[in-house]
Amino acid sequence: MFLRLFATLLFAALSTAARAGEIGPGIRAPEAAGVVINGPPNAKVSTLQGRVLVVEFWASWCGPCIESMPRLDALRREVQAQGLGDRFEILAVGLDKRLEDARRFLQARPVSYPVVVDTVGIASRNYGVWRLPATFLVDANGHINQIYHGYGPTFGDDLRMRVFALLRAPEANAQASESTGNP
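Positions -20 to -1, 1 to 163 (mature numbering (1 follows the signal peptide of the UniProt record, and there is no 0)) are the ones given, in order, by the sequence shown.
If you want it as structure tokens, here you go:
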């Protein structure tokens, strides 16, 4: 009986480790959804396909998240000011267990981009999140381009450079035209 339980637990641990190891550049971005507390009612990764997308996992108790979110908001405004807003979006995925904690956080620190709360942690498991904030840059074809764990002094500049490189790439322009129906 003990051996069978041990084998089952070992298999589960290895399966989870393998799943987390599947997330990386070039891999299709998994779905990330939750209860929408800011933005359109259907905000999730699958409804934002065809755009360059930043998916950031955060929590109201995360100090570095407090620093990161205004930088992301500024990036979104900069992209919009350059006329590229229809090809870019940010989706913040909150990991608070209580919706009210996330709502209070956003009331104190409002952002202009969609925010969902995944109180059960499915999205964070799908993305292999182990540190907050965890930020995933997704190209217009839905593949992960870059992953950032934590928030450091070069995070904002590096993310900005990569976002604009993807927005200016010919394949991003073609994908955006296909998804919006514009030439």
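We put the CB at the ideal spot given by N, CA and C, even for glycine.
Nearest to residue i by CA position, among the options, is which residue?
i, options, result
"residue 166", "P5, A12, F135, I3", "Residue 166 lies beyond the range of the chain shown here (-20 to 163); nothing can be said about it."
"D81", "E58, C42, Y128, G19", "C42"
"H129", "I7, N121, F116, A120", "F116"
"L139", "L112, R56, P90", "R56"
"residue 179", "G63, Q62, L64, A72", "Because the chain here runs from -20 to 163, residue 179 falls outside it and cannot be looked at."
"G30", "S40, E2, G122", "G122"
"R78", "A120, F144, A145, A39", "A39"
"I102", "E2, F144, A120, G74", "G74"
Among the residues of its own chain, which have a CB less than 8 Å from the CB of residue i, if the five just before and after it don't count?
i, result
"V118", "A9, V25, V32, L33, V34, V35, I124, N125"
"R142", "L117, N125, Q126"
"T27", "P20"
Within 10 angstroms of its Cβ, does residue i collect 16 or more other Cβ (buried), or is it exposed?
i, result
"D76", "buried"
"W110", "exposed"
"Y131", "buried"
"R67", "buried"
"D98", "buried"
"I106", "In the sequence as displayed, the identity of residue 106 is Asn instead of Ile. Buried, because 16 or more other Cβ atoms sit within 10 Å of the Cβ of N106."
"G4", "exposed"
Less than 8 Å separating the beta-carbons of residue i and residue j?
i, j, result
"E69", "Y93", "yes"
"V16", "A23", "yes"
"F37", "A114", "yes"
Leaving out five residues on either side along the sequence, give the residues of the same chain with a beta carbon under 6 Å from the beta carbon of residue i.
i, result
"I127", "F116"
"D53", "V91, S92"
"L64", "L147"
Give every residue of the same chain whose Cβ lies closer than 7 Å to the Cβ of residue i, excluding the five residues on either side of it in the sequence, and list them in chain order.
i, result
"G19", "Y93, P94, V95"
"P133", "none"
Quiz item: Are there three or more Cβ pairs, one per stretch, closer than 8 Å when the stretch 43 to 50 is compared with the stretch 84 to 101?
Solution: yes
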